[in-house]
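Undergrad:
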Amino acid sequence: MQFSLPFISKNNKEEVYFGLFLKEEEAIGFVLERRGHNLEITAEERISFVNGWDNIVECVDELLFSLEQKSKKHLEKIIFFVYSHLIDQNTKDIKKSYLTVFKNILKHLELKPLGYIECYEAVANYYEKKDQSPLTAVLIELDKSNVGVFVYKGGHKTFAKTVGRTQNIIDDLESVFIDVKGDMLLPSRIILYDSYDLDSESTTILSHRWNTELFVQYPRVEIVKPTDLHKGLVIVFEDQIKNSNYYVEEKEIIQGKKEVMGFTIGEEVEAKENNAEREDFNEISESVIIKEQHASFFSKLKIKISQIKFPTRLSSGHIIIVTGIALILIALGLTEYFFHKVQLTVLFPSHTLSKTIEENLTIGEKSDKGTEIKSFTFSQDYNEKKATTGKRDVGEKAKGEVTINSFDNKDRVFSKGTILEVNNIKFVLDDEIKVASYSEKIINDSTARLPGTNKDKATAVEIGTEGNIAKGQKLKIADLSLTDFFAVSNTAFTGGSKKQIRTVSKQDVEDIKKRILEKSKQEANSKIKTELQNNNILLDSLTNTTLDNIQISKEIGEETEQVSTKATSNTTYYTLSKKEVQNMLKDSFKGEVPSGFHLTDDQISFEVKDVEQNENKISMKITAKAAALKDVEKDDIIHNVKGMNIKDVEKILKEKFQASGYEVKAKTSIFFLKEWIPFFEKNINLVISSI
């Protein structure tokens, strides 16, 4: 809602925003303020998620509180900065699996959404402004379990794809690049970003020998600095604010969208009331609530008009003074009502209880203690590709004709397959032949022995050009003496050839199945976390993912440069109701809680361990601790401390309520209110806890 005063121009309204950069393992928050003509980051904080996105609302709340304390600003308008795997690239809407998370952040932290910006568009915009020319590059976006690839040519995005991330960045990229191989050549400039140290990934990409059909020339890699990435996000956001002339009236709701590089921003109410899937972004209207709050506030001003005496005639100077005082009082009242909030935690002595319970449960059946284990199964289909690594030589064997020479004194038969050898190159006879014994001939009064001879065809044992021996080569026959037996090549051997081809190896098949299994487990975990209700406990040690219907495009040893595999993953997981366990423990502790104390669900903590499954039976140990709190009236405490100086609160709490300690967290950036407890009870969030 916007208040319009006659002496305050719209242009004087402070322009401040909360920028939230959401990643899988952490969030980065920014305070964005208008400084002159530019929007600048004036404060920045980072927070890591201990349990993924399970407690994301609490983490963002802590991040927001820290930024407000640091900047002394009240933040209510939020712009989301996201990686592209959170966005449906067809509809440009936040994916259904993540939409609930965004809704919860907006609802619980009372924030007004301006929209979202995808990081890759910010990076592209930043480099085009930096280089002062249309971008031609491959952008690679790395998150914990996802890799996004975006190809730009001449400032236009020509290709985009996001895949699951594995331990091998090269395999991830090749599984993407295979889709463009033969259709386009990729730019030789690679820009890598994820706001972290990427030297290892950069070195791996640079040292890899890429297929010459992918890149115009050997690629070079640039790493985007975190500060440059953040600067790019702010620049895109600022451009969209200027283009949209953003202005929210009291009866507007953030609905409709203008979309420039993935950015959505509020417009006037239009025909999107049927879009239930985006109701959180389409129903941020609080005009009715604000009106009710105003009525409640002014009803508390119990000043009787008859008790105030006004002069019978006011000069113009008096009118200005009275008006000024009235406006100041109204401003103070509105500030106190809307912005002065604290969280008061009061600590009381507690009675500690503990025990270990062994449970033996049947899946799908409720036990006599009221607890039940439920099982859920879902399937996902995958189609993965991988470059082959197997190698095999193919070719022809050399062939030729030889003459067998024998100086034996009797005929000799040489069987088919007899080994002939020269220079470690082996040949075999193609047919069985018989060679006569030697003969004698008198030449010049001397007797000379002439060998028995016979011709036969021979073939090289191995493929390759080595078998193409020249004419007249003398070959050894098996293990016979060269003095008595040898062969001579009658002609040059020809036809020998050899080349190496890529084939599917056994390791390729194992690797691609392993990749599918790892990817399916990651996506299954994300799906489980998304679908798992807050009141349920995941027995993660029992979660099991298997593959079936595995179809491999090529056989092991078959020639191909890539192999693809289709498979179906089946994941089964088991849950236990947190509420049911707490109720069971509460009943178990009931007889141990002393008089004057009580036990609440939030004071019972437990751990499930030693979980084992035997068919449909599951056994486990539940180790529980509980802190029984002293019985106190919360309304009585709030009534006694409201409007007090924080320094005086301790005395009231200790003397009247026997508290052991307290802690006050002021949720306001207005310095003169930080030392006081709010006057309005609705602004005091009282938490009773134990020491």
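This note's numbering applies: residue 710 is where the sequence shown begins, and numbers increase by one. Just so you know, even glycine gets a beta-carbon here, dropped at the ideal spot from N, CA and C.
1) Under 8 Å, do L1382 and H1049 count as touching if we go by C-beta distance?
2) Kindly indicate the opening and closing residues of the beta strand (DSSP E) around T913.
3) If I'm right that A736 touches I756 with Cβ under 8 Å, what's the distance once you round it to whole angstroms?
4) From what residue to what residue does the alpha helix (DSSP H) around H817 run?
5) Can you have a look at L1191 and say buried or exposed, based on whether 16 or more other CB atoms are within 10 angstroms of its CB?
6) Name the residue from H917, E733 and V766 whose alpha carbon lies nearest to the alpha carbon of V856.
7) Between which residues of its own chain and E1359 is the CB-CB distance below 7 Å, once the five residues before and five after are set aside?
8) Could you tell me if N983 is buried or exposed, where buried requires 16 or more neighbouring beta carbons within 10 angstroms of its beta carbon?
9) At the level of alpha carbons, what is the spacing between P935 and E753?
10) To the nearest angstrom, report how far apart N954 and A869 are at their CA atoms.
11) Who does D1165 pair with in a DSSP beta bridge?
12) Work out the CA separation of Q1312 and K1330 for me, nearest whole Å.
13) Hey, would you say F789 sits closer than 8 Å to L844, going by beta carbons?
14) Using the C-alpha atoms, what's the distance from V1031 back to F774?
15) Could you check which residue in I796, L820, D1220 and S793 has the C-alpha nearest to that of L784?
16) Secondary structure at N1349, three-state DSSP: helix, strand or coil?
17) Identify, in the order they occur along the chain, each residue of the same chain with its Cβ nearer than 6 Å to the Cβ of T1254, setting aside the five sequence neighbours on each side.
18) At a cut of 8 Å, does the segment 1205-1220 reach the segment 1236-1246 through at least three beta carbon pairs?
19) Answer yes if the segment 1171-1188 comes into contact with the segment 1117-1130, meaning at least three C-beta pairs across the two stretches below 8 Å, and no otherwise.
20) Looking at S793 and E883, is the spacing between their C-beta atoms short of 8 Å?
21) Rounded to a whole number of angstroms, what is the C-alpha to C-alpha distance between E922 and V1218?
22) Tell me T1061's beta-bridge partners as DSSP assigns them.
23) How big is the Cα-Cα spacing for R1096 and V885?
24) Per DSSP, which one or two residues make a beta bridge with Y1371?
25) Looking at S1304 and the ligand NAD, is the gap between the Cβ and the nearest heavy atom below 7 Å?
26) Starting from F924, follow the alpha helix (DSSP H) in both directions and report where the run begins and ends.
27) Classify F1019 as buried or exposed, calling it buried when 16 or more other Cβ atoms lie within 10 Å of its own Cβ.
28) According to the Cβ coordinates, are K1391 and Q1052 closer than 8 Å?
29) Going by alpha carbons, who is nearest to S1369 out of T1054, G1204, K1075 and K1318?
30) What beta strand (DSSP E) runs, 3 residues minimum, are completely inside the segment 810-868?
31) Out of K1238, D908, N1354 and K1222, point me to the one whose CA is closest to K1085's CA.
32) Here's a check: name, in chain order, each residue in its chain whose Cβ is nearer than 8 Å to the Cβ of I1225, leaving out the five neighbours to either side.
33) Which value, in whole angstroms, describes the spacing of the CA atoms of Y835 and I944?
34) Alpha carbon to alpha carbon, what distance is there between N747 and Y726?
35) Please tell me whether V1170 and K1135 are closer than 8 Å, where the distance is taken between their beta carbons.
36) Tell me which residue opens and which closes the beta strand (DSSP E) that K1050 is part of.
TA: According to the structure shown:
1) yes
2) No beta strand (DSSP E) holds T913; the alpha helix (DSSP H) holding it covers D908 to S916.
3) Correct: roughly 6 Å between the Cβ atoms.
4) In the DSSP assignment, H817 falls within the unbroken alpha helix (DSSP H) covering K805 to L818.
5) The residue in question, L1191, is exposed, as its Cβ has fewer than 16 Cβ neighbours within 10 Å.
6) Residue E733 is the option with its Cα nearest to V856.
7) Y1371
8) Confidence in N983 is poor, its pLDDT being 39 and thus under 50, which makes the residue's placement unreliable; the coordinate value appears in the next sentence. Classification for N983: exposed.
9) 12 Å
10) Only weak support exists for where N954 lies, its pLDDT of 49 falling under 50; the coordinates are left without a value.
11) Partner(s): V1111.
12) Going from the Cα of K1330 to the Cα of Q1312 covers about 19 Å.
13) no
14) 37 Å
15) Comparing Cα-Cα distances from L784 to each of I796, L820, D1220 and S793, the minimum goes to L820.
16) The answer is helix: DSSP assigns N1349 an H, G or I state.
17) S1229, K1230, A1233, S1278 and T1280
18) no
19) Enough Cβ pairs lie closer than 8 Å, so yes.
20) no
21) 24 Å
22) Its beta-bridge partners are A1336.
23) A small correction: the amino acid at residue 1096 is Ala; Arg does not occupy that position in the sequence shown. For A1096 and V885, the distance between alpha carbons rounds to 11 Å.
24) V1055
25) Absence of the ligand NAD is noted for the structure shown, with no ligands found whatsoever.
26) No alpha helix (DSSP H) holds F924; DSSP gives it neither H nor E.
27) Confidence at F1019 is low in this model, with a pLDDT of 44, below 50, so the placement of that residue is unreliable and no value is reported for it.
28) no
29) T1054
30) 821-827, 846-851 and 855-862
31) This sequence places Phe at residue 1085; Lys is not what is there. The candidate whose alpha carbon is nearest that of F1085 is K1238.
32) If we look at I1225 and ignore the five residues flanking it on each side, its Cβ neighbours are Y1091, E1093, L1256, T1274, A1276 and S1278.
33) 8 Å
34) 13 Å
35) A contact, by the Cβ cut-off of 8 Å.
36) That residue, K1050, is in no beta strand (DSSP E); it is neither H nor E in DSSP.
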